[in-house]
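Okay, structure first, notes after.
Number of protein chains: 2
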Amino acid sequence: MADVADKAGVSRALVSIVFRNQPGASQETRERVLRVADEIGYRPDSAARLLARGRSRTLGVMFTVHQTFQTDLIEGIYPEAERLGYDVLLSAAVQGRSEAKAVEALLGHRCEALILLGPDADAGYLDALGQRAVTVSVSRRVPRARVDFVHSAESKGVRQAMDHLVELGHRRIVHIDGGRGPGSAERRRSYRAAMRRHGLESEIRVIPGEHTEQSGIETGRLLLAERDRGLPLPTAVLAGNDRCAMGLLMPLARAGVEVPRDLSVVGYDDSHLSHLMPIGLTTVRQDAVLMAEHAVRFAVERLENPQLEPREAVLDPKLVVRGTSGPPPGEAS
Amino acid sequence: MADVADKAGVSRALVSIVFRNQPGASQETRERVLRVADEIGYRPDSAARLLARGRSRTLGVMFTVHQTFQTDLIEGIYPEAERLGYDVLLSAAVQGRSEAKAVEALLGHRCEALILLGPDADAGYLDALGQRAVTVSVSRRVPRARVDFVHSAESKGVRQAMDHLVELGHRRIVHIDGGRGPGSAERRRSYRAAMRRHGLESEIRVIPGEHTEQSGIETGRLLLAERDRGLPLPTAVLAGNDRCAMGLLMPLARAGVEVPRDLSVVGYDDSHLSHLMPIGLTTVRQDAVLMAEHAVRFAVERLENPQLEPREAVLDPKLVVRGTSGPPPGEAS
DNA sequence: TACTCGCACTAGAGCGCGCTAGTAGAGCGC
DNA sequence: GCGCTCTACTAGCGCGCTCTAGTGCGAGTA
Numbered sequence: 001m002a003d004v005a006d007k008a009g010v011s012r013a014l015v016s017i018v019f020r021n022q023p024g025a026s027q028e029t030r031e032r033v034l035r036v037a038d039e040i041g042y043r044p045d046s047a048a049r050l051l052a053r054g055r056s057r058t059l060g061v062m063f064t065v066h067q068t069f070q071t072d073l074i075e076g077i078y079p080e081a082e083r084l085g086y087d088v089l090l091s092a093a094v095q096g097r098s099e100a101k102a103v104e105a106l107l108g109h110r111c112e113a114l115i116l117l118g119p120d121a122d123a124g125y126l127d128a129l130g131q132r133a134v135t136v137s138v139s140r141r142v143p144r145a146r147v148d149f150v151h152s153a154e155s156k157g158v159r160q161a162m163d164h165l166v167e168l169g170h171r172r173i174v175h176i177d178g179g180r181g182p183g184s185a186e187r188r189r190s191y192r193a194a195m196r197r198h199g200l201e202s203e204i205r206v207i208p209g210e211h212t213e214q215s216g217i218e219t220g221r222l223l224l225a226e227r228d229r230g231l232p233l234p235t236a237v238l239a240g241n242d243r244c245a246m247g248l249l250m251p252l253a254r255a256g257v258e259v260p261r262d263l264s265v266v267g268y269d270d271s272h273l274s275h276l277m278p279i280g281l282t283t284v285r286q287d288a289v290l291m292a293e294h295a296v297r298f299a300v301e302r303l304e305n306p307q308l309e310p311r312e313a314v315l316d317p318k319l320v321v322r323g324t325s326g327p328p329p330g331e332a333s
Numbered sequence: 001m002a003d004v005a006d007k008a009g010v011s012r013a014l015v016s017i018v019f020r021n022q023p024g025a026s027q028e029t030r031e032r033v034l035r036v037a038d039e040i041g042y043r044p045d046s047a048a049r050l051l052a053r054g055r056s057r058t059l060g061v062m063f064t065v066h067q068t069f070q071t072d073l074i075e076g077i078y079p080e081a082e083r084l085g086y087d088v089l090l091s092a093a094v095q096g097r098s099e100a101k102a103v104e105a106l107l108g109h110r111c112e113a114l115i116l117l118g119p120d121a122d123a124g125y126l127d128a129l130g131q132r133a134v135t136v137s138v139s140r141r142v143p144r145a146r147v148d149f150v151h152s153a154e155s156k157g158v159r160q161a162m163d164h165l166v167e168l169g170h171r172r173i174v175h176i177d178g179g180r181g182p183g184s185a186e187r188r189r190s191y192r193a194a195m196r197r198h199g200l201e202s203e204i205r206v207i208p209g210e211h212t213e214q215s216g217i218e219t220g221r222l223l224l225a226e227r228d229r230g231l232p233l234p235t236a237v238l239a240g241n242d243r244c245a246m247g248l249l250m251p252l253a254r255a256g257v258e259v260p261r262d263l264s265v266v267g268y269d270d271s272h273l274s275h276l277m278p279i280g281l282t283t284v285r286q287d288a289v290l291m292a293e294h295a296v297r298f299a300v301e302r303l304e305n306p307q308l309e310p311r312e313a314v315l316d317p318k319l320v321v322r323g324t325s326g327p328p329p330g331e332a333s
């Protein structure tokens, strides 16, 4: 910075002013300073800036690599953060790197707020986090924790999907749940409620699973094994999310079970992959961009107005009918 | 920190020593300092620490969200970095956020080294970057730029794939290239060379594309439209990467073209999705974990020994035969 | 006694910025 | 000419830490 100041023939303070885009420098000087900085390859040091200013204007985002819906969210987070003048730092939870570790890394880099995409941690931990920093949880509801919360109305999404299937004539509809995955509990509950509402209480079946392709594959194998033992296949499956639905399709296709002729499959999320499958996945769309924008705005607003209480945003999901759902076998279409 | 020092009756320097776990303080004092710090709720400020120490021990990783192979790489980067005592910061290039911006963010947060996953930037920019910070490029070769380089031997991978197809009896093999995508140029060149080597020079056809599902879908539509005009379909397609291959399968399936009976498809990368497709994608495996480890090690070693010259690691890819490749139509299997 | 050595600890100079309080000079009205 | 304001710019402190170069002291050695 001193080098830039010398070479541009101004004081360090003026360079600072230019880089913060603050009034107090002529247009001419501004350009000269920026040009010199570019030549030297100078870049403001955020650590020093942070130290001097006390604020980092940085949002930390914790996500799970491979969760396609979360990468969709990230795409929405960047532009909104930039619009509001905030920087974004990403930290991934992966195999062998827990959420807590990912979060510590963010905090260690002085993020002012945390945006957690589908956190798996317990409410106590999240509440403690919420006391320490502004925290937003996306896709996971955490009652009584001091965190903002952005999710979509799982019950509405599930209801739409179930109504769609029942209208097509399905009765034997099973649900692969998402285990501890975000939104799973609500989806499971809503599935049960929908079955009861349609008088299908006796057909309720929840197969434990996860939000992964592997889980879908395993469920597929399970169902096929049952069929081979003489049990009937369900006529429709409501998967925990799109990845699970995609996994499910693999063993089915291999075994010659045709979708949707023999079996209908509905996913959840409408992640960017779901319309890329051979016949397009019928799924429940959550608007990732909108969710991302809400999350960023919640964080920033609470940062700039600390007495604000955490809020909750519930967005409406929407069923997207594509190629994997149709009338059950035995019914004319 | 001063408060802790006062209350514990020592100097700030000693508190610093205690918190850095360095020799130079008695066990007794150590405990007293830690106890007092805990009472006050003192935590070292990493921004100040960073500033004072001059080293951040942080690696910055630039990646493209949605490139599944890159997320596979990220999974490999974390554990290796942790093993070597380095922190990792992620920055994504997305629509509307260029690579340069993503890199600036990393540099601004004082990353000591940059690991760029499949960078798209030109050699001049990368060289400039390499002068300024230790830089590693993964999957993209940048001749004469001051960067380390980790990639796999594209020519070997393509040759294996092509030999496989030719052995099966294919002659009309087209290649969807990856445009400016990492490795595309080499793959394209190797495809041409392999065709010539097999005496198929007259059959060479490279369809321009990208490393996206969308590109595969468009190519599929193009080929189908040609077929409808009476032109023959190719019997095999070597896609630019797995995503492109997956996209290609969609319009084919819709149009009733059966894979691999009517058409063989080979991908590239073996990203974690390729074995999750209905019939498993035949593809060229690049070992993401190994590549990630090399990248981290290159960065760290050059950081700790600055007179080291940038190096290059070329890993051997390996063809993985799954369900999308078979003999061409008209040949007995 | 005089010395060296090692240990526990301290003083104080930065690290690269932001920010407050200030100055110099131009322009203006009276 | 004077005082005033406004713009463009500067000096220098301080953010919370690390690190170098010390000081003081007791034990061991000649």
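Chains A and B, in that order, are what the protein sequence lines are. Take the first sequence: its position 208, counted from the start at 1, is 208 in the UniProt record's numbering, and no numbers get skipped. Take the second sequence: its position 96, counted from the start at 1, is 96 in the UniProt record's numbering, and no numbers get skipped. Where is the CB? At the ideal position from N, CA and C, for every residue including glycine. Predicted model only: the values in this text are computed from it and were never measured.
- Here residue 278/A really is in contact with residue 253/B; their C-beta atoms are around 4 Å apart, less than 8 Å.
- Under the 10 Å beta carbon count, residue 157/A is surrounded by 16 or more other beta carbons and is classified as buried.
- At least 7 Å separates the beta-carbon of residue 46/A from that of residue 24/B.
- Its chain contains 329 as the residues whose beta carbon lies nearer than 6 Å to that of residue 262/A, once the 5 sequence neighbours on both sides are disregarded; these appear in chain order.
- For residue 260/A, no CB of chain B lies under 7 Å from its own CB, so it is not counted at the interface with that chain.
- Per DSSP, the continuous beta strand (DSSP E) segment holding residue 115/B begins and ends at 113–117.
- With a threshold of 7 Å between beta carbons, residue 157/A makes no contact with chain B.
- If you look at residue 6/A, you'll find it in the alpha helix (DSSP H) that goes 2–8.
- DSSP, read as helix, strand or coil, puts residue 314/A in strand.
- A distance below 8 Å between beta-carbons, with the five flanking residues on each side excluded, links residue 301/A to the following residues of its chain, in chain order: 308.
- In this structure, residue 259/B places its C-beta atom within 7 Å of the C-beta atom of residue 265/B.
- The C-beta of residue 46/A comes closer than 7 Å to at least one C-beta of chain B.
- Look at residue 155/B here: in three-state DSSP terms it is helix.
- Here the C-alpha atom of residue 10/B lies approximately 16 Å from the C-alpha atom of residue 38/B.
- Here DSSP, grouped into helix, strand and coil, assigns residue 110/B to coil.
- Residues of chain B with a Cβ closer than 7 Å to the Cβ of residue 108/A are, in chain order, 46.
- Scanning 164/B, 55/B, 276/B for the CA closest to the CA of residue 212/A turns up 276/B.
- Taken through DSSP and simplified to helix, strand or coil, residue 162/A comes out as helix.
- Exclusion of the five residues before and after residue 52/A leaves no residue of its chain whose Cβ lies closer than 6 Å to its Cβ.
- The beta-carbon of residue 75/B is placed less than 7 Å from the nearest beta-carbon of chain A.
- Residues of the region 245–260 of chain A whose Cβ lies closer than 7 Å to any Cβ of chain B, in chain order: 246, 247, 249, 250, 253, 254.
- Using a CB distance cut-off of 7 Å, residue 92/B counts as an interface residue toward chain A.
- In this structure the region 201–215 of chain A lies against the region 165–179 of chain A, because at least three pairs of beta carbons, one per stretch, are closer than 8 Å.
- At least one CB of chain B lies nearer than 7 Å to the CB of residue 78/A.
- Chain A has a Cβ within less than 7 Å of the Cβ of residue 278/B.
- Distance between residue 35/A and residue 7/A, taken at the CA atoms: about 10 Å.
- Counting only Cβ-Cβ distances below 7 Å, residue 105/B has contacts in chain A at 87, in chain order.
- When the Cα atoms are used, residue 268/B and residue 153/B turn out to be separated by approximately 12 Å.
- Between residue 68/B and the set 320/B, 324/B, 282/B, 246/B, the nearest pair of CA atoms involves 246/B.
- A straight line joining the alpha-carbon of residue 101/A with that of residue 93/A spans about 8 Å.
- Chain-ordered listing is empty here: chain A has no CB closer than 7 Å to the CB of residue 286/B, the nearest sitting near 17 Å.
- Residue pairing for residue 89/B: DSSP places it in a beta bridge opposite 60/B.
- DSSP places residue 322/B outside both helix and strand once states are collapsed to three, so it counts as coil.
- For residue 238/A, the enclosing beta strand (DSSP E) begins and ends at 236–238.
- Comparing alpha carbon positions, the residue from 326/A, 84/A, 170/A, 312/A closest to residue 139/A is 312/A.
- Non-local C-beta neighbours of residue 251/B in its own chain, meaning closer than 8 Å and more than five positions away in sequence, comprise 217, 220, 221, 224, ordered along the chain.
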